[in-house]
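**Q** Take this structure first; my questions come after.
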Amino acid sequence: MSDQKRLFLVDAYALIFRGYYAFIKNPRINSKGTDTSAILGFMNSLLDVIKRERPDHLAVCFDKGGSVARNELFPEYKANRDETPEAIKIAVPYIEKILNAMNIPIMVKEGFEADDIIGTLAKKAEKQGYKTFMVTPDKDFAQLVSENIFMYRPVFGGGYETWGIPEVQAKFEVENPLQVIDFLGMMGDSADNIPGLPGVGEKTAKKFLAQFGSMEELLDNTDQLKGKMKEKVEASKELGMLSKELARIMLDVPVEFDEKDFEMCDPDIKGVTEVFEELEFRRLTENFMKTFAPDAQPVATTGATKKEAPKTTAKKTTAGAGQFSLFGGDGEATEESQAFSSRNTAKDISHFYQTVQPGLGTKLFMDQLMKQSSVCFDTETTGLNPITAELVGVAFSWEAGKGFYIPVPEGREAAQEVVEILRPFFEDENIQKIGQNLKYDIKVLSKYGITVKGKLFDTMLAHYLINPDMRHNMDVLAETYLNYTPISITELIGKKGKNQLSMRQVPMAQQTEYAVEDADITLQLKEHFEKELGEANTQKLFDEIEVPLLRVLADMELEGINLDKGFLENLSQELKSDIKKLEADIYESAGEEFNIASPRQLGEILFGKMKLVDKPKKTKTGQYSTAEDVLSYLAKDHKIIADVLAYRGLTKLKSTYVDALPEQVDENTHHVHTDYMQTVAATGRLSSNNPNLQNIPIRTERGRQVRKAFVPRDKDHILLAADYSQIELRIIAALSDEENMIKAFQNGEDIHASTAAKVFNVPIDEVTREQRGNAKTVNFGIIYGVSAFGLSNQTDLSRTEAKELIETYYRTYPKLRDYMSDQVDFARDNGYVQTVLGRRRYLKDINSRNAVVRGAAERNAVNAPIQGSAADIIKIAMINIHKKLEEGDFKSKMLLQVHDELVFDAYKPELEKLQKMIKEEMENAYKMSVPLDVEIGLGENWLEAH
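Following our numbering, the numbering of the sequence shown begins with 7 at its first residue and continues without gaps.
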C-alpha cells in the first residue's frame, strides 16, 4: 500500500439526499414519530467509508445559502428545485451534532456550494502531496479528477467505485477530465436548471466533444453543423458559454487546508451514542462501536439504564435455582457481561431460561403453568407458513427474565402426545395468553386440534394502535422500548438459501435460549404497551376490534378458497396470445423491435426516436421517464403508448396472478390461503399477502376474468359476495352532517344522480350519463383532495370546467367543506385525526413548512377518518358474522375480505337464513344518521357473485 497520505472529502447533502431516498418506500420512523431516514442513510454511508478505507484525513462539506456567484450570473440557477423535504431539514442539525462528537471537521462557507469547497480543498491538498477522494454520487465532480484526485462513488446495491482518469475518459468519452465541464455545459442539467444547448443530449454532447474538443471550438465552427442543429447552436452561443460557466466547479473558495485540522482522531463515544440513543439507532450504535471501539468498556457497566423495562436485570435467586433445577440442565442462567454503550443482549442481562424435561419435569412445569393468570407463549416451527409448518417447540414466560421451553418431537403421533399435555393451558378460559403475532401461533396449533381460548394480548397489534407508522416486528420493539437486541434467527439457522437449517436441526440449548427469549421479551413489551394503549385512548379498539378480529382472520386464512387451476391455465394461453399481438403492434408503430419491459429502451423509442412530446419528463438518472402516470396522460393521443400500457397490464396480470396463483394452492387443502395483515395500513384497512387477493384488477375485462377462477368448494356450495354500497360517501355525509347528502341516502336515491341534479341544476330524471359520471368522479375524489387538474384528467372536462364543478359542488354541500377544514384544524392542534371508533392516524407533517409535504398531510387528515371508519365498520361486521356462524352451527364459511366486500362459501340449504343474517349484521355494524346499504350477489364463481 502506498505511503501517500489520503484525504476523503464527503459531499454531505448528496449523501443525505441519497440516504433519505433509499428509505423512501419504507421510511425509518422512531417511537417519537421522527423520520430518521436521512440521518440513518448518511451515517451508514459515512461509517462504511471509514471502515472500508480507514482514511488518514477526512472532512464533511456542506452547502450554505447556495452559490452567490452562479445566481448573479444566472438568477434561474437551481430555480426549479423542489423544496427540501422536512425530514432532511430535521436531519441536518442532528448530523452536524454527530460529526462534532466524532471530531470530524465540517467545512461550510456562506454563499458557496459544497462542490466548490470540495474542489478548492482537493486542489490544495494535491499541492501538499495528498491523494484526495471525493465521496459523492454526483457526476459533476468528474471534472476535478486528476492523477491524485479521485471520485469515490457509492453504487446501487452497496459498495463503492473509484473513478480515476481512465474511468472518467471511458464514462464521458473525453480525453481530459476538464472536458466534463464542456460536456455538462452542452447538455445542461435539469436538476440545477443549467439550460445547456437546445436539442443537445448526452449522445450529441459526446459526439461534439469527439469532433470539436470543447464548447469554444464547437461555437467557433458551427459552419460544420447541419440543418436545425446548426440553427439551434448558432442561436444559443451565449447560452452555451453561460452553461459551461455554471457547470464549472470553483477552485478559489476562501477555505484553507491545514492537514492537522483534517486528521482522523478518536470520537467522543459518549457524545455520539447519546445522540444515537435519542434517535433510537440501536444497530447503528453497534456498527459505530465495532468501528471505533471494538474492545471498549461499557458506558454503564451494570447494563442497567432508565430505558430498561422493570425486572429486566432481576438476578437468579438461590430458591429459584433450586426450584427450577428439577426441569433439567440445558438452560443455565447467564451472568451479566460487559457491553458497549447501554444496549443489552442476552449476554448482558441475568436470565433463567430452562428446557423442560419429560416426565417429572413436565408435570412440575404444568402444575406451575396452570396456576398463572397470564402467560406469554411462542411457538417454534419448521417454517414461516403456518399452513405447512410443524411444531418444534413452545416457549413460555410469566415472569421477566425467566421462561421455559417444551421441545416437540418430530412425527405426528409423538408431537400430538406433547401437545395433549399442553392442551389444558391453551383451552383454559381463565388464563390470559400473550404473544407477538398470535394469529400465526393460533393457526399452527389449530392443526393439532388446539383452540386457543381465554383473553388475548398481542403486542404487535397493541403497538400498531399506539404507533401505526412505525415498524412492529419484535426486534425493533425490543430495541426501541427495552433497549435490548434479541438473538438473530440467522445466528441459529443461517441466511436464506439451500444451506439454511431447520429449527429442528438447532442444538437444544440454542433453541431454548432463542425461543424463551422471544417469550420473555414479548411479556415485557406487554407491560409497556398496556399502559400506552390507555394513554392513546385505544384500549377499547384493541379489546373489542383488533384482538377479536385476529381469531376471525385465523379461521378465514385456515379455510382458504377453492381455485379452478384449469381455468387459469386456459386464461394464461389467451393472455400469451394477446401479449404477442400487442408486441407486434408496438414494434410496427416503433419501426423496430426492442425490449418493451426496459424503461430505458422504451423511453428512447417513444421520446428519443419518435419524439412524441416536445419536452419529455426525465428521471433523476437522466433517462426518459416511462412511469405509469407519465404514459397514462399521453395514451389517448398515441396508440403506441395505449398499447404499451395494455401490454404492461396483461404481462403483470399473467405473471402476478394467472401464472402465480396455481403455484400457491396448498397440496393438502387444495385451497389458496392468503394472509391478512392487520398492522400494515395506517388507516386501519386490512392488507392481503401471499397471495394478495385485494389487488386483483377489476377495471379491465381481463382482470375481472381472474375472479372467475375462485369457485365454491363443491356442488353443494355457492359463492356469496356481500358489498357495502358507497360506504365512504355515507360516512362523510354522516360525519359532516351534510343534510342534502344525508337526505339523498335516506330516500334511497342514486347519490351520483342526486349530486348531478343539484350541481348541474336539473331534475334528477333528466340527469345525463355524462353528468352522472362527472358527479361520481367528484363524489369519490373529493375526500382524496381531487384538484381541478386531477378532475380534468379523469373526465372530459377542461380544467376551467373542472374548477367550476368543484366550486359548485362545495356550494351544494357547504357542510362538507366545513368538515374538511375542521379536520385539518384538528390535526394541526392535536397531531392526529381519528375514526368513528377512535383509531388514530398520526400526521407528523401537518405543520410542515414544505407546502407539498403539508398538503399531503392535510389530504390524509380528511380521508384517513373516512377510510379508517369504513375499515372499522367492516371489521365489526366480520366479528359479529363470525360469531353468528359459530353460534348457529352454520356449514357456510367466511372466506375473503376485499375492501368493502366479504366473500362466503355458502352452503346452499342455508342460503336464505345466511343472506338475511349477513345483511342484517353488516347494515347494523355501526349506527349513523345515514343508513348502511349492503348488496348481495351469488354465483358459481367470484366474478358472478360480485
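C-beta atoms are modelled at their ideal positions from N, C-alpha and C, and glycine is treated no differently.
CA-CA distance, G566 and R606?
**A** Their Cα atoms are separated by approximately 41 angstroms.
**Q** Checking 8 angstroms against the spacing of the C-beta atoms, do Y819 and E744 come in under that value?
**A** Contact: yes.
**Q** In terms of DSSP beta bridges, what is T138 paired with?
**A** Looking at the DSSP assignment, T138 forms a beta bridge with L13 and I155.
**Q** Please look up how many angstroms separate the CB atoms of N199 and E82, rounded, as I've assumed it's under 8 angstroms.
**A** Indeed, because the Cβ distance is near 6 angstroms, the residues count as touching under 8 angstroms.
**Q** Report all residues from its chain with a CB closer than 6 angstroms to the CB of A870; omit the five preceding and five following residues, and keep chain order.
**A** T689, V839 and R847, listed in sequence order.
**Q** Where D336 and Q422 are concerned, what is the direct C-alpha to C-alpha distance, given to the nearest angstrom?
**A** With a pLDDT of 37 at D336, under the threshold of 50, the predicted position of this residue should be treated as unreliable, though the coordinate-derived value follows. Answer to the nearest angstrom: the Cα atoms are 23 angstroms apart.
**Q** If you check the beta carbons only, do E286 and N36 fall under 8 angstroms apart?
**A** Yes, Cβ-Cβ distance for E286 and N36 is below 8 angstroms.
**Q** Rounded to whole angstroms, what's the CA-CA distance from F716 to F573? Just pull it up for me.
**A** About 10 angstroms.
**Q** For T394, name the three-state secondary structure that DSSP assigns.
**A** Coil, per DSSP.
**Q** Using DSSP's beta-bridge definition, name the partner residues of F410.
**A** In the DSSP output, where bridge partners are listed per residue, F410 has Q360 and F402.
**Q** Quick one: residues in its chain with C-beta nearer than 8 angstroms to the C-beta of L332, no 5 flanking neighbours on either side, listed in chain order?
**A** Per-residue confidence for L332 stands at a pLDDT of 33, beneath the threshold of 50, marking its modelled position as unreliable; the derived number appears in the next sentence. Around L332: L366, G367 and L370.
**Q** Using the C-alpha atoms, what's the distance from L231 back to A253?
**A** Roughly 24 angstroms between the two C-alpha positions.
**Q** Please list, in chain order, all residues of the same chain as D851 whose beta carbon is under 8 angstroms from its beta carbon, the five residues on each side excluded.
**A** Excluding positions up to five away in sequence, the list reads E92, V859, R860, A862 and A863.
**Q** Give the range of the beta strand (DSSP E) segment to which R719 is assigned.
**A** That residue, R719, is in no beta strand (DSSP E); it is neither H nor E in DSSP.
**Q** Does the stretch 873-883 come within contact of the stretch 587-599, defined as at least 3 CB pairs closer than 8 angstroms?
**A** Because the criterion of three Cβ pairs below 8 angstroms is not met, the stretch 873-883 and the stretch 587-599 do not touch.
**Q** Compute the Euclidean distance between the alpha carbons of G628 and K209, then round it to the nearest angstrom.
**A** G628 and K209: Cα-Cα distance of roughly 12 angstroms.
**Q** State the beta-bridge partners of C67 as determined by DSSP.
**A** C67 pairs with D17 and M113.
**Q** Report the rounded CA-to-CA distance for K103 versus T291, giving the unit in angstroms.
**A** Using only the alpha carbons, I get a separation of about 15 angstroms.
**Q** With distances taken between CB atoms, is the gap from L608 to V650 smaller than 8 angstroms?
**A** A contact, by the Cβ cut-off of 8 angstroms.
**Q** Along the chain, where does the beta strand (DSSP E) that runs through N568 open and close?
**A** Segment I567 to L569, the beta strand (DSSP E) holding N568.
**Q** Just grab the DSSP bridge partners of C271 for me.
**A** BP columns for C271 are empty, so no partner.
**Q** Starting from I171, trace the beta strand (DSSP E) both ways and give me its first and last residue.
**A** Not the beta strand (DSSP E): I171 falls in the alpha helix (DSSP H), residues I171 to F178.
**Q** Applying the 10 Å Cβ sphere with the 16-neighbour rule, what's the burial state of E435?
**A** Its Cβ having fewer than 16 others within 10 Å, E435 is exposed.
**Q** Would you mind listing the alpha helix (DSSP H) stretches within the stretch 790-842 that are 4+ residues and don't spill past its ends, in chain order?
**A** Those alpha helix (DSSP H) runs which fall completely within the stretch 790-842 and span 4+ residues are 794-800, 805-818 and 820-836.
**Q** Where does I852 sit, in a helix, a strand or coil, going by DSSP?
**A** Correct three-state label for I852: coil.
**Q** Going straight from the alpha carbon of L483 to that of H534, what length do you get?
**A** Cα to Cα, L483 sits roughly 10 angstroms from H534.
**Q** Considering only DSSP beta bridges, list what R160 is partnered with.
**A** The question names Arg, yet the displayed sequence has Pro at residue 160. P160 is bridged to Y166.
**Q** In terms of alpha-carbon separation, which member of R710, R510 and A299 lies closest to N947?
**A** Minimum Cα distance to N947 is reached at R710.
**Q** Just to confirm the assignment, what range does the alpha helix (DSSP H) spanning I880 have?
**A** Taken as a continuous stretch (DSSP letters only), the alpha helix (DSSP H) holding I880 covers A857 to E893.
**Q** Starting from N293 and walking both ways along the alpha helix (DSSP H), at which residues does that stretch end?
**A** Its alpha helix (DSSP H) spans residues R288 to F298.
**Q** Quick check for students: name the residue ranges of the alpha helix (DSSP H) that lie wholly in the stretch 420-479, counting only runs of 4 or more.
**A** As far as the stretch 420-479 is concerned, its whole alpha helix (DSSP H) runs of at least 4 residues are 444-452 and 465-472.
**Q** Using the Cβ count rule (16 or more neighbours within 10 Å means buried), how would you classify L79?
**A** Exposed, by the Cβ-count rule.
**Q** What's the C-alpha gap between K238 and T625?
**A** Straight-line Cα distance between these residues: approximately 25 angstroms.
**Q** By how many angstroms is the C-alpha of F48 removed from the C-alpha of T42?
**A** Distance between the alpha carbons of T42 and F48 is about 10 angstroms.
**Q** Who are the Cβ neighbours of M923 in its own chain at under 6 angstroms, not counting the five residues just before and after it?
**A** So the list reads K890, once near-sequence residues are dropped.
**Q** Would the stretch 21-34 and the stretch 207-224 be scored as touching if the rule is three or more Cβ pairs under 8 angstroms?
**A** No, the stretch 21-34 does not touch the stretch 207-224.
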